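full-length UniProt numbering numbers the first residue of the sequence shown as 1 and each following residue consecutively. Each residue gets a CB set at the ideal place from its N, CA and C atoms; glycine is no exception. Keep in mind the model is a prediction, meaning the values are calculated, not measured.
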Amino acid sequence: MAERVRLGMVGGGADAFIGAVHRIAARLDGHYELVAGALSSTPDKARASGEAVGLPRIYDTYAEMAKREARRKDGIEAVAVVTPNHLHYAVAREFLKRDIDVICDKPLTGTLPEARRLARLAERSKALFILTHNYTGYPMIRQAREMVADGELGRLRLVNVEYPQDWLTEPVEQQGVKQAEWRTDPDRSGTGGAIGDIGTHAFNLAQFVTRLELDRLSADLDSFAPGRRLDDNAHVMLRFESGVKGLLWCSQVAPGVENGLRLRIFGDRGGLEWFQEEPGRLWVTRHGEPKRLYTRNGAGATPGNTASSRIPPGHPEGYLEAFANLYAEAAEAIRARREGRPAPANLLPSVNDGLRGVAFVDACVRSSARDAAWVRPR
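Structure representation (structure tokens):
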């Protein structure tokens, strides 16, 4: 095992779901050592959370952390940014300008102007910038990407992706549910609600597998829960390059659905289907033939599938392992930068992927405000 990457974290305090996920993902393959953090915007809570996690170095603010860690010979090499969306730009900026690699949760930022500024900062910095669109780390998604690229579906025609949930069916943000409070607050979440939170995942997944660029869209956003200030449901028609047409539905007010991310892609020779709640299965149909089931690390597995799998076929792998695949690939890229050698090929989501995601949200909001008019990303 190569020397572990010294990792810091901003956000992700003791009661934050996504912070714990990032810590587990970083630990899973033994590539990282979490050595520093500013886990909350409240100093007392930051200290208590840091102690609970067992951090060697605990900071009251991310600015103090960036300055002091950059001066240390044993300072952090990378930082995980797991704050609410409105802080992504400011936090990432402090570390990028000190050439500390950034691993940032999605979406890139809450607004398009900030996303553009952050993309420019990342391009000027010597540091790496990695966005954790974790669904791109699933083995079967990587197999789907390879199969589409190899032409197994023929010329693409249709891309349908949906991501429904039910956890915001009632206005739980008014009942003190922290995860709901900031996600439904435009000052912290940004211009999009469900479309920014899970719609960006669905959009990123469709682009990752097909490698298509969006040309224009027509979006209808709704806020069904009483008093909610951001959308909790979105229907979006998509027009990709080369005339490929798509549909995207995301919702957080769909009772009975826990995490229903589903992708369907159809070409003139066949189609495929993947469902996140059964992530180790990929259904592929060649036109006129019976459906075929491909499994994680099973018969017919592609190189991208097997390289992303850890355990034998039939043993479940899922959300945490997909997250860990991104962290493992990030560690290899970080070590390569440390050692002055070319980074190995990887499929890590970049700052430009993040910029496309925020531009997608911005276009959806603009389109919906004009009664679902067709608009192009800016």
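C-beta atoms of R366 and D268 nearer than 8 Å: no
Cβ contact check for the stretch 127–138 and the stretch 341–353: 3 or more pairs under 8 Å: yes
Counted within 10 angstroms of its Cβ, other Cβ atoms place F17 as buried (16 or more) or exposed: exposed
Candidates S251, A14 and A144: closest to G50 by CA position: A14
Candidates R378, D231 and E329: closest to D215 by CA position: R378
Nearest candidate by alpha-carbon position, reference P43, set T61, Y32, E33 and L34: T61
Range of the contiguous beta strand (DSSP E) that encloses K73: Careful: K73 lies outside any beta strand (DSSP E) and carries neither H nor E.
Buried or exposed by the 16-neighbour rule on C-beta atoms within 10 Å, applied to R155: exposed
Boundaries (first-last residue) of the beta strand (DSSP E) holding S251: K245 to S251
Reduced DSSP secondary structure (H/G/I, E/B, other) of H201: helix
Assigned secondary structure, H88 (DSSP; H/G/I helix, E/B strand, else coil): helix
6 Å CB neighbourhood of H86 in its chain, flanking five on each side removed: G110 and R188
Integer-rounded CB distance, given that R228 should sit under 8 Å from P171: 6 Å
Burial state of A219, where buried means 16 or more other Cβ atoms lie within 10 Å: buried
Extent of the continuous alpha helix (DSSP H) run through F360: V351 to A369
DSSP three-state assignment for V177, whether helix, strand or coil: coil
Endpoints, beta strand (DSSP E) assigned at D222: L214 to D222
Through-space distance from K106 to E173, alpha-carbon basis: 21 Å
For G270 and L7, the rounded distance between their alpha carbons: 44 Å
Residue range of the unbroken beta strand (DSSP E) whose run includes R239: N233 to F240
Through-space distance from V284 to residue 389, alpha-carbon basis: No information on residue 389 is available, as it lies outside the stretch 1 to 378 that the chain covers here.
Cut-off 8 Å between Cβ atoms - residues of its own chain near A20, not counting five sequence neighbours on either side: G12
Proximal residues to G298 (C-beta, below 6 Å), its chain only, five neighbours per side dropped: P313
Residue of D231, A122, G318 and A115 minimising C-alpha distance to F95: A122
For Y163, the three-state DSSP class (helix, strand or coil): strand
Proximal residues to A324 (C-beta, below 7 Å), its chain only, five neighbours per side dropped: A25, L28 and D29
Boundaries of the alpha helix (DSSP H) in which A119 is found, first to last residue: L112 to R124
Range of the contiguous alpha helix (DSSP H) that encloses V21: F17 to L28
Close beta carbons around G137, own chain, < 6 Å, minus the five adjacent residues each side: A322, N325 and L326
Same chain, Cβ closer than 7 Å to V91, five either side skipped, listed in chain order: V10, Y62, V81 and T83
The stretch 195–212 / the stretch 256–263 touching (three or more Cβ pairs under 8 Å): yes
Other residues of its chain near I198: CB distance less than 6 Å, five sequence neighbours each side excluded: Y163 and C250
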